Amino acid sequence: MGCKQSKDKEGTEENAAAEGAAEQGAEASGQPKVVVVFGATGRQGGSVVRALHGDATYKVRAVTRDPESEKAKALAEMDNVEVVKADYDDCESLKAAFDGAYAAYVVTDYLAVMDQEKETQQGKNAVDAAKAAGVKHFIYSGLPSGTEAGKACRFMDSKAAVEEHLKTEEVPFTILHLPAYYEILLTTNKPIKKDDGSYALDFPMGDVALPMICVSQIGECVHQILLKEDEFKSKTLALASQELKVDEYAAILTKGIHCGFVFQLTIDELAQQEGNPLAEDLAALFANYASGKLEFNIETTRSLNPDIMSFESWVEANKEELEKVLE
C-alpha cells in the first residue's frame, strides 16, 4: 500500500486546499517557510538542519522516528527547529509531517530496510504525501540507476526508481546525487590494519579517480538550492568536493596521520567479502564509479558552498577522530 491520494472529488479539493495553504504560508509577509527535513538525526539530514536553522527565512521541521533520542532532543534545542515523529511506512504520519510545508529534503536509508522494493516504496510514499500537501520544492537525495550505468546495485536502483516517480508525479524537484563521504573512513570503511603496521583502504578503484564529499557540509549546498530555487528546480545535481585516485587519498592520509596507507582491494575481492551484506552492492557501486559513466561536478558544488573542504583539509580537521579509529 502506498500513500497516493485517490482522485475523487474530496481528494482533489483537499489537495487544492493544501497547495493554497502552503502557498499562502510561504508568501505571507514575515512568515518563515517550513522546510521538512527527513533523516534529521543522521549525517545528511543533520547537515541540512544545521545549515537552515540559522536562517530566519526558514522554519525547520526535523523528522525522526524517535523524538526521544538524544540526537533528536539536541535538535529540538536549536533555534527555528521543530522535531516531529514520522515514518516512511506510515502515511498518516507523513501527511502530518508535510502539512503546511513549503519545501522538503528527503533521504531514504537502504541500510535501515535492506530491501530494494521497500526503499523504493518508502520514497514513493514521501513523494505522494508531499504532493498531496502541496509542497513546492522536493529535494531528494537519490542516485543514478546502477543497472543503466552497467552494474545492478540495489540501493542505487531503488533510489533511481523514486526519482522516476518524483518526475512522473510532477512534484517540483531538485535531485542530488552524492558520492562517497569522507566520513565513511570513520565508520563503514575504516582503514584495515595489516601485519606490517600499515593500513589498507578498501576502495577498489584501480587507477580511476573516486569522487568524494564532506557530508557535514552538504547542508549549505541545500540551503543555497532553496535560496536560488528557480535556478535549480527540475535539475539533477551530482555534487563532489574532491576527485582523486585512491593512492592519492592514501598519500594524503599518510602525510596527515603519519601512518602508512596503501590501496589494496579489487572489485571481485570486495564482492566476495564474508559477513558484509552489502558486499555485492558496494562492488557494483565501485564498478559503476570506475566505469566513468557517473559524472560529478566539483565546480557546481563549490559554487553552492565555497567553503566545502578538500580531502586534505578534512583530514587535518578530523585528525584526532581518525587516529582513534586506527587504534
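Heads up: the sequence shown is residues 1 to 327, going by the UniProt record's numbering. We put the CB at the ideal spot given by N, CA and C, even for glycine. This one's a predicted model, so the numbers in the text were calculated from it and none came from an experiment.
Setting aside the 5 residues that flank it on each side, residue 69 is surrounded in the same chain by 41, each with a C-beta closer than 8 Å to its C-beta; the list follows chain order. Shown here for residue 276: not one same chain residue has a beta carbon closer than 7 Å to its own, the five before and five after excluded.
Taking C-beta atoms under 8 Å as the contact rule, residue 88 and residue 125 qualify, at a distance of about 5 Å. The criterion of a C-beta distance shorter than 7 Å is not satisfied by residue 287 and residue 159.
Sixteen is the threshold: when 16 or more other Cβ atoms of the shown chains lie within 10 Å of the Cβ of residue 34, as they do, the residue is buried.
Residue state for residue 188 is assigned as coil, using DSSP reduced to three classes.
For residue 38, there is no enclosing alpha helix (DSSP H), since its DSSP letter is neither H nor E.
DSSP, reduced to helix, strand and coil, places residue 200 within a strand of the structure shown. It is roughly 16 Å from the alpha-carbon of residue 308 to the alpha-carbon of residue 244. For residue 140, the enclosing beta strand (DSSP E) begins and ends at 137-142. Setting aside the 5 residues that flank it on each side, residue 212 is surrounded in the same chain by 179, 180, 182, 242, each with a C-beta closer than 6 Å to its C-beta; the list follows chain order. Residue 134 counts as buried, since no fewer than 16 other beta carbons sit within 10 angstroms of its beta carbon.
Taken through DSSP and simplified to helix, strand or coil, residue 290 comes out as helix.
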